[in-house]
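Asker: Mind looking over this structure? Questions follow.
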């Protein structure tokens, strides 16, 4: 008996089935690879932001001031002390400088700043850096500066009406 040659339509169907199967496999592999890459970013890269200089001492202090301002705003207290330790730890000498704010920063519902506060903070040390991010949460009525060696800085926050002021570094 002689086998019949496959028809053109049958060959095309087989080709389409293989193409669809390969496309589905590629899609599955692509999704799994994307998931693994995302997990790698979350597990390896994000904790290493300090090593990559994506977070510095200034930003680290601004985040601490943000948390302190939220805590003070939600409490019945009039003052709160934020304890700040630089990213390099306490085994170093560092300086905290805060330039006074010219005006209270207003933030819209989407988190956009509507004006510039004019203040700026810098922190020296191993991971030195500066920012004005803290201006969204606190107001600095006067210039402040302190140098510390092997100890944390205490930042004193004071509630003044609706505003949270940075009143002292010690």
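Residue numbers (my numbering): 1 to 170. Don't be surprised by glycine CBs; every beta carbon is placed ideally from N, CA and C.
Does DSSP put residue 132 in a helix, a strand or coil?
Answerer: Along the chain shown, read from residue 1 onward, the residue named residue 132 stands at position 132. The answer is coil: DSSP assigns residue 132 none of H, G, I, E or B.
Asker: Assess contact between the region 120-134 and the region 77-91, defined as three or more Cβ pairs (one per stretch) separated by less than 8 Å. Is contact present?
Answerer: A contact exists between the region 120-134 and the region 77-91.
Asker: Are the Cβ atoms of residue 147 and residue 65 separated by less than 8 Å?
Answerer: One-based indexing of the chain shown puts residue 147 at position 147. One-based indexing of the chain shown puts residue 65 at position 65. Not in contact: residue 147 and residue 65 (Cβ atoms no closer than 8 Å).
Asker: Alpha carbon to alpha carbon, how far is residue 94 from residue 154?
Answerer: Taking the chain shown and counting its residues from 1, the one referred to as residue 94 is at position 94. Taking the chain shown and counting its residues from 1, the one referred to as residue 154 is at position 154. Going by the C-alpha atoms only, they are around 13 Å apart.
Asker: Give, in chain order, every unbroken run of the beta strand (DSSP E) that is at least 3 residues long and sits entirely within the region 97-156.
Answerer: Taking only runs of at least 3 residues, the beta strand (DSSP E) segments lying wholly in the region 97-156 are 120-123, 129-131, 144-149.
Asker: Please go through the same chain and pick out, in chain order, the residues whose beta-carbon is closer than 7 Å to the beta-carbon of residue 80, but skip the five residues on each side of it.
Answerer: The count along the chain shown starts at 1 and reaches residue 80 at position 80. Result list for residue 80: 68, 71, 72, 157, in chain order.
Asker: In terms of residues, what are the limits of the beta strand (DSSP E) holding residue 55?
Answerer: Counting from 1 along the chain shown, the entry for residue 55 is found at position 55. Premise fails: residue 55 is in no beta strand (DSSP E) and is neither H nor E.
Asker: Along the chain, where does the beta strand (DSSP E) that runs through residue 169 open and close?
Answerer: For this step, residue 169 is matched to residue 169 along the chain shown. 163-169 is the span of the beta strand (DSSP E), which, as asked, contains residue 169.
Asker: Among the candidates 101, 116, 20, 109, whose CA atom is the shortest distance from the CA of residue 141?
Answerer: Position 141 of the chain shown holds residue 141. Checked all of 101, 116, 20, 109; the closest Cα to residue 141 is 101.
Asker: CA-CA distance, residue 166 and residue 61?
Answerer: In the chain shown, counting from the first residue as 1, residue 166 sits at position 166. In the chain shown, counting from the first residue as 1, residue 61 sits at position 61. The alpha-carbon atoms of residue 166 and residue 61 are separated by roughly 12 Å.
Asker: Under the DSSP definition of a beta bridge, which residues are partnered with residue 93?
Answerer: Start at 1 with the first residue of the chain shown, and residue 93 comes out as number 93. Residue 93 is bridged to 149.
Asker: Based on Cα-Cα distance, which residue from 134, 84, 96 lies nearest to residue 106?
Answerer: As a position in the chain shown, residue 106 is number 106, starting the count at 1. Ranking 134, 84, 96 by Cα distance to residue 106 puts 134 first.
Asker: Starting from residue 80, follow its DSSP beta bridges and name the residues at the other end.
Answerer: By 1-based counting over the chain shown, the position of residue 80 is 80. Paired residues: 157.
Asker: Does DSSP put residue 68 in a helix, in a strand, or in coil?
Answerer: The residue given as residue 68 occupies position 68 in the chain shown. Of the three classes helix, strand and coil, the one that applies to residue 68 here is helix, per DSSP.
Asker: Rounded to the nearest angstrom, what separates residue 149 and residue 122 at their Cα positions?
Answerer: The count along the chain shown starts at 1 and reaches residue 149 at position 149. The count along the chain shown starts at 1 and reaches residue 122 at position 122. When rounded, the distance between both Cα atoms is 16 Å.
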